[in-house]
DNA sequence: GCACCTCGTGAAAGTAAGTTTCATCCGTGG
DNA sequence: CCACGGATGAAACTTACTTTCACGAGGTGC
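Residue numbers (the UniProt record's numbering), protein chains in the order written: chain S, 1 to 303; chain X, 1 to 303.
The structure is reproduced here in structure tokens:
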């Protein structure tokens, strides 16, 4: 039977549309009408049912099926999902976003959301890229072996410090965080060889944190600094320096992205430490999760 | 009150998978089996027929249909093309990374860093994609006009709550955060019409937070919930629901990505509020920045 | 402890979508 | 004027999708 020129089934993922328009002239009139609809708006075609599309092309379902076969598909459903896939792929409008910059005055919420998310995601990715695994390894090692872990941070970095403390505590490491400088100083004074102190400061210029870290170091503790600026003062009192890569510089942005970058670093260290002793960490996590269980309500679902 | 919180069916093209994983816990067991298959490999699911998928999930076609409806689709074909579209859009991560999953046991630091950063960045991006600007607008409006702002959160979400409080405070809004449930409850009891309460809970099942939010609502305050799961109990006591889109589900990952997603949402709200009154917010930020200036050291650089 | 709900579930009936078959139409060349 | 062959759509057919319904588990109130 006239198995009319079955064009090599383009099994490659892309190029279906191109493929179709390429062999458009070789199609029968009725099939061409279908093809034109498909090429004109693949996404729309994907949404239609075969009868619907046939009607739109002023033809019958049979012709649509024939068209599917002509372009190398098994049947209509297959064409449909391929079209949906391609339509989705080509819709990628990388509208110019304000990279690392301020939010334009007239921006609406949607723009604000897009800009912030973009910058936040960037900060996280770029931080990960420039993080030195070797340094991380040393820090993880130190934390894993430390007798005591002190974590310092002020303001926004204080939240990160606090978060880190809580995480380490949850896997059974003896970690402390002090919101108050005086308490932190006394704690630092009691550190010694085999202990570790981590100072977090976005700018790297927070005198309180630097001071405490210095104290800790003078007592023989290993010191770690987490900052955005690799040459900032805090690095002078640190044995190991980890840096974030948040671009924001203006106070106006309120160091938003930097927090996320700091947290990402904290997460990496945490997972690294936990991975050193899987069994123990897992056990500790299970126990702690269980502990808060009674403070969770069972899922009384909504209608 | 269930009617108050509507599950904004992510009408946009993107975020279906994320949307589904968010709803996962609120689905019935059989539907969850379907959901897991779909989330695990959307492209594959798109290729399957409904009977096929039902068999794979060890359930009936009826359940698959119910699942479609649960996630806001009209029927199976619609789900199918949406899945195909999303699968196509998703850029395959360079090296096979464990998306939303655990870190492989033998991983070295570099792998851990890459995986965490990838998941963190994704959570931020996907959260932004599915955030409903309209709801944000309402919340921003409410916060901007509120007499008093109470923010509740426990555990990891507590840090986020605290961060939010600090941010709002910095631009001159009267905001509070209470680490202690009892204090929070008394504060909530003193709220009234014109005030606003924000409850943050990743799982949406933290009874303490729900309880306090409920109290606030009963006093006439506008209530806002920030959670990863759009049908969790907390949404029942909230006038406005904002959702994050962190995929992690295992407690093992310690809800790491979710924090970042929550912070991104907080940042958006913060900037939104600040943008409402640029002049005043800027002034406040300048003044507060100046206040901590003397706690910064000048750049005595390293040798 | 019983009656009664409600909810999740799959079997089966029902409907719609997709596919095949086949008769018709129409132009072409004998 | 009559085959002939390809294009086409109506209709039969098959498969996929959707709805309905009854059963059973787990809870709730009497």
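Glycine is no exception: its CB is placed at the ideal position from the N, C-alpha and C atoms.
- Taking each of 17/X, 121/X, 112/X in turn and checking the Cα distance to residue 73/X, the smallest one comes out for 17/X.
- Pairing residue 212/S with residue 199/S gives a Cβ-Cβ distance under 9 Å.
- Taking the Cα positions, residue 194/X is about 25 Å away from residue 262/X.
- 268/S is the residue among 268/S, 174/S, 118/S whose C-alpha sits nearest the C-alpha of residue 114/X.
- Of the residues assessed, residue 239/X falls on the buried side of the cut-off, its CB having 16 or more other CB atoms within 10 angstroms.
- Annotation: residue 130/X to residue 110/S spans about 11 Å, alpha carbon to alpha carbon.
- Runs of the alpha helix (DSSP H) lying entirely within the UniProt domain "HTH rpiR-type" (14–90) of chain S and spanning at least 4 residues, in chain order: 16–22, 29–40, 42–47, 50–56, 61–70, 76–90.
- In this structure residue 201/X is in contact with residue 234/X, their Cβ atoms being roughly 5 Å apart against a cut-off of 8 Å.
- At a Cβ-Cβ threshold of 9 Å, residue 242/X and residue 271/X do not count as neighbours.
- Contact of residue 155/X with chain S is assigned, a C-beta pair being separated by under 9 Å.
- Checking the DSSP bridge columns, you'll see residue 150/X partnered with 176/X, 197/X.
- Close to chain X, meaning a Cβ-Cβ distance shorter than 7 Å, are the following residues of the segment 258–270 of chain S: 259, 260, 263, 264, 267, 268.
- For residue 145/S, the number of other beta carbons within 10 angstroms of its own is below 16, and it is reported as exposed.
- In its chain, beyond the 5 residues on either side, 269, 272, 273, 276 have a beta carbon closer than 8 Å to the beta carbon of residue 140/X.
- Between residue 64/X and residue 50/X, the gap from beta carbon to beta carbon is short of 9 Å.
- Taking a 10 Å sphere around the C-beta of residue 154/S, we find 16 or more other C-beta atoms and assign the residue as buried.
- Residue contact check for residue 272/S against chain X: a CB pair falls below 9 Å.
- Boundaries of the beta strand (DSSP E) around residue 240/X: 240–243.
- The beta carbon of residue 29/S sits no closer than 9 Å to any beta carbon of chain X.
- Setting aside the 5 residues that flank it on each side, residue 58/S is surrounded in the same chain by 33, each with a C-beta closer than 7 Å to its C-beta; the list follows chain order.
- Residue 56/S and residue 138/X have their alpha carbons spaced roughly 42 Å apart.
- CA-to-CA, the gap between residue 169/X and residue 163/X works out to about 10 Å.
- By the criterion of a C-beta distance shorter than 6 Å, residue 255/S is surrounded in its chain by 156, 202, once the five residues flanking it on both sides are discounted.
- Excluding five sequence positions before and after residue 31/X, the CB atoms of its chain that fall closer than 7 Å to its own CB belong to 63, 66, 67, 70, given in chain order.
- Residue 257/S and residue 117/S have their C-alpha atoms roughly 9 Å apart.
- Excluding the 5 residues flanking it on each side, residue 219/X has same chain C-beta neighbours closer than 6 Å at 191, 192, in chain order.
- With contacts defined as CB atoms closer than 9 Å, residue 87/S and residue 123/S fail to qualify as a contacting pair.
- Proximity of chain S to residue 112/X at the Cβ level (cut-off 8 Å) is accounted for by 268, 271, 272, 275, in chain order.
- The beta-carbon of residue 129/S is placed less than 9 Å from the nearest beta-carbon of chain X.
- Under the criterion of beta carbons closer than 8 Å, residue 197/X and residue 227/X do not qualify as touching, at roughly 14 Å.
- Of all residues in the segment 42–55 of chain S, those with a C-beta nearer than 9 Å to a C-beta of chain X are 43, 46, 47, 49, reading in chain order.
- With 16 or more other Cβ atoms inside 10 Å of its own Cβ, residue 208/X counts as buried.
- In the three-state scheme derived from DSSP, where H, G and I count as helix and E and B as strand, residue 131/S is classed as coil.
- With fewer than 16 other CB atoms across the displayed protein chains lying within 10 angstroms of its CB, residue 189/X is exposed.
- Straight across, the Cα-Cα distance linking residue 210/S with residue 166/S is about 22 Å.
- Nothing from the segment 177–200 of chain X brings a Cβ to less than 7 Å from some Cβ of chain S.
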